[in-house]
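If you use this note's numbering, the sequence shown corresponds to residues 7 to 326, in order. Note that CB positions come from ideal geometry on N, CA and C, so glycine has one too. Scroll down for the structure; my scribbles are underneath it.
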Amino acid sequence: MSSDNSGTQLVMNPHIQELHDQRKSKGHGIPCFQHDGVCLFMPSPEMLKGSRPVDRINSIKEAELKDDDIVICAYPKCGTHWLWEVIEMLISGTLQHQKAVKETRMFEFLYKEGIEAVPPRRVFNTHLPLRMLPKQVVEKKIKCIQIMRNPKDTCVSYFSQIRDMVPPYNYQGDFADFTEAFMLENIPFGSYSTYLQSWKAEVAAAPELPTLDMYYEDMKMDPVKAVKDIARFLGLASSNKFCEDVADACSFKKMKKIDQEMKSGLPVKIWADGSGGTFYRKGEIGDWKNWFTVAQSERFDQIWNKKMKDFGFEFTYTLA
Ligand code: A3P
7 MSSDNSGTQL VMNPHIQELH DQRKSKGHGI PCFQHDGVCL FMPSPEMLKG SRPVDRINSI
67 KEAELKDDDI VICAYPKCGT HWLWEVIEML ISGTLQHQKA VKETRMFEFL YKEGIEAVPP
127 RRVFNTHLPL RMLPKQVVEK KIKCIQIMRN PKDTCVSYFS QIRDMVPPYN YQGDFADFTE
187 AFMLENIPFG SYSTYLQSWK AEVAAAPELP TLDMYYEDMK MDPVKAVKDI ARFLGLASSN
247 KFCEDVADAC SFKKMKKIDQ EMKSGLPVKI WADGSGGTFY RKGEIGDWKN WFTVAQSERF
307 DQIWNKKMKD FGFEFTYTLA
């Protein structure tokens, strides 16, 4: 994937709060700002266009939506790129991969004016909680799909991304440090457990909002069924054969190849030069076993299960 805006410079100003709790083994932090209880990546000056980050994020709430917009909601690294490509194929009725990257449809890159400028039919995506999305998501009953993934693979995938990002966003602590931050909110988009709790509570408060909850692992184990479920939720009359073809065209191998060969248009430079950073790393269930020690894994389970036991999320951690 190519990217253009090299040399992203962050001018230190009062809105930047480095995440000090991450300053452990290598004294590194990620520039973030705090908004409505959530840590968010500090936008680069070209994204801010002279505005305050909080005002930019708040502008999203006022964006006008179209009745047939679709929104993918997900915590980072749960499979947004995959789901976005599947939905784009389903609604276009073709097996054409998007040339653009899904970041060109991401609320937190677009803000109000960018959201309104996207031509129909629009498939947006976001890592923000429902309360920070355009108010019209709820008012217009916009179809929302939530994709979730087991938290250990999510943690590994997030660490791998953030480690490879362009300075000053690159995380230089080790995996153990990152895992602690992942569990304790000190990370862009907050902790995954809090994200899921908020999703559950905010959807419950908007009972007429049409939502579909999906799991990365289910999609991985039976992609054709997942594609059919999505088509049904979107009210599309996609044939079985077309759903099979979409699942195949969006396999990890094919999407990785397409990403390298034809994707372009990242709104900001994301990967550090020479890092080999990619949104298509391994695409597997259970890679976490190669990262967590037994002790780390047990501590993770303890903290996660204590916080999430009453919320009803069922995750698959390994292939049967
Ligand atoms: P890994 O880092 O474990 O490989 P997101 O799109 O939300 O950023 O999530 C990225 C994760 O989804 C990465 O996980 C990536 O490899 C995986 N992924 C992307 N496309 C995929 C596909 N077609 N099939 C399976 N996994 C995919």
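Distance from the CA atom of K288 to the CA atom of T132, rounded to whole angstroms, is 22 Å. The alpha carbon of K295 has as its nearest neighbour, out of Y286, F306 and L54, the alpha carbon of F306. Distance from the CA of S204 to the CA of L136, rounded to the nearest whole angstrom, comes to 8 Å. Secondary structure note for C38: its beta strand (DSSP E) is the uninterrupted segment P37 to H41. Within the DSSP secondary-structure output, T110 pairs in no beta bridge. Taking the Cα positions, V144 is about 42 Å away from G280. In the structure shown, the three-state DSSP call for Q23 is strand. If you keep only unbroken alpha helix (DSSP H) runs of at least 4 residues inside the segment 173 to 242, you get 181 to 189, 198 to 210, 222 to 227 and 229 to 239. Annotation: T132 is outside any alpha helix (DSSP H); the continuous beta strand (DSSP E) that includes it extends over V129 to T132. Judged by DSSP in its simplified three-state form, F285 adopts coil rather than helix or strand.
R128 and T299 have their alpha carbons spaced roughly 42 Å apart. Cβ contact annotation for P173 (same chain, cutoff 8 Å, sequence separation greater than five): A278, in chain order. For G120 and A69, the gap between their C-alpha atoms comes out near 9 Å. In the displayed model, K149 falls within a strand according to three-state DSSP. The alpha-carbon separation between P51 and R62 amounts to approximately 12 Å. When rounded, the separation of the alpha-carbon atoms in I66 and V230 is 34 Å. P49 has its alpha-carbon roughly 10 Å from the corresponding atom of K55.
Secondary structure of I276 (DSSP, three-state): coil. In chain order, I66, I121, F130, T132, L134 and L139 place their CB closer than 7 Å to the CB of F113, counting only its own chain and leaving out the 5 sequence neighbours on each side. DSSP places V124 outside both helix and strand once states are collapsed to three, so it counts as coil.
Distances between the C-beta of S281 and the heavy atoms of ligand 1 are all 6 Å or more. Three or more beta-carbon pairs separated by less than 8 Å link the segment 253 to 263 to the segment 74 to 91, which places the two stretches in contact.
In this structure, W88 has its beta carbon less than 6 Å from a heavy atom of ligand 1.
DSSP links V44 through a beta bridge to H41. For C38, the closest of A326, K269, A211 and P194 by C-alpha to C-alpha distance is P194.
Only residues of its own chain outside the window of five on either side were considered, and among them E91 and E94 have a CB closer than 7 Å to the CB of Q104, listed in chain order. In this structure, R169 has its CB at a distance of at least 6 Å from all heavy atoms of ligand 1.
For S270, the three-state secondary structure derived from DSSP is strand. In the DSSP assignment, I291 falls outside any beta strand (DSSP E) and carries neither an H nor an E. Distances taken from the Cβ of R62 to the heavy atoms of ligand 1 include none shorter than 6 Å.
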